[in-house]
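In full-length UniProt numbering, the protein residues as written are 1 to 143.
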Amino acid sequence: MSNEKLVRKILRTLTKRFAHKVTAIEEAKDLTTWSYYTTLTDEETDEVEPSEDKVSNFVAFTGKISDDNQLENPTDDHSLAPDDSDEEDLTQEELIENYKVLFCKWSKLTTIFTVNQAEKERLTKENGELKKLVEVLRNEIVE
1 MSNEKLVRKI LRTLTKRFAH KVTAIEEAKD LTTWSYYTTL TDEETDEVEP
51 SEDKVSNFVA FTGKISDDNQ LENPTDDHSL APDDSDEEDL TQEELIENYK
101 VLFCKWSKLT TIFTVNQAEK ERLTKENGEL KKLVEVLRNE IVE
């Protein structure tokens, strides 16, 4: 991943509290020469005065590696919740691998959803046709 893309991703993940700094960095600096390390240290040194509504222990992302059997039962929300008991810092390679796994699962679920939507539309249309047929048959019986 290029340095510029990494810096842009970091700037996008910052909270609204840093919006003015992100804008200033994007306008004043050439991001191709701006490094990942400089971005992190610049944001740490330019912290604004602490306010009462500021959360002191802010965690932007948490990661958890799980088995592929989570795809079989996607209604379980516990796999999406952060696991406080096993917090560890993930390396960039681990994050990329986790992203690829999650993207693959998302892609499969999107495909399943699309197929289910098409099936739902087909069944809804068939249901409407059957209702019309039932009404015609009722009218024939009455006559």
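Ideal placement from N, C-alpha and C gives every residue a C-beta, glycine not left out.
Looking only at its own chain, which residues have a Cβ that is under 7 Å from the Cβ of residue i, when we skip the five neighbours before and after it?
| i | result |
| --- | --- |
| LEU130 | none |
| VAL22 | LEU11, LEU14 |
| GLU126 | none |
Measure the alpha-carbon distance for residue i versus residue j and round it to whole angstroms.
| i | j | result |
| --- | --- | --- |
| THR124 | GLN117 | 10 Å |
| GLU143 | GLU135 | 13 Å |
| THR91 | ASN98 | 10 Å |
| LEU109 | ARG17 | 34 Å |
| GLU93 | GLY128 | 52 Å |
| PHE113 | VAL101 | 18 Å |
| LEU137 | GLU119 | 27 Å |
Which term fits residue i, buried or exposed, when burial requires 16 or more other beta carbons within 10 angstroms of its beta carbon?
| i | result |
| --- | --- |
| VAL7 | buried |
What residues in its chain sit with their C-beta under 8 Å from that of residue i, if we drop five residues either side in the sequence?
| i | result |
| --- | --- |
| GLU49 | Confidence at GLU49 is low in this model, with a pLDDT of 46, below 50, so its placement is unreliable and no value can be given for it. |
| LYS132 | none |
Residue i lies in the alpha helix (DSSP H); which residues open and close that run?
| i | result |
| --- | --- |
| PHE103 | 92 to 142 |
| residue 151 | Shown here, the chain extends from 1 to 143; a query on residue 151 therefore has no answer. |
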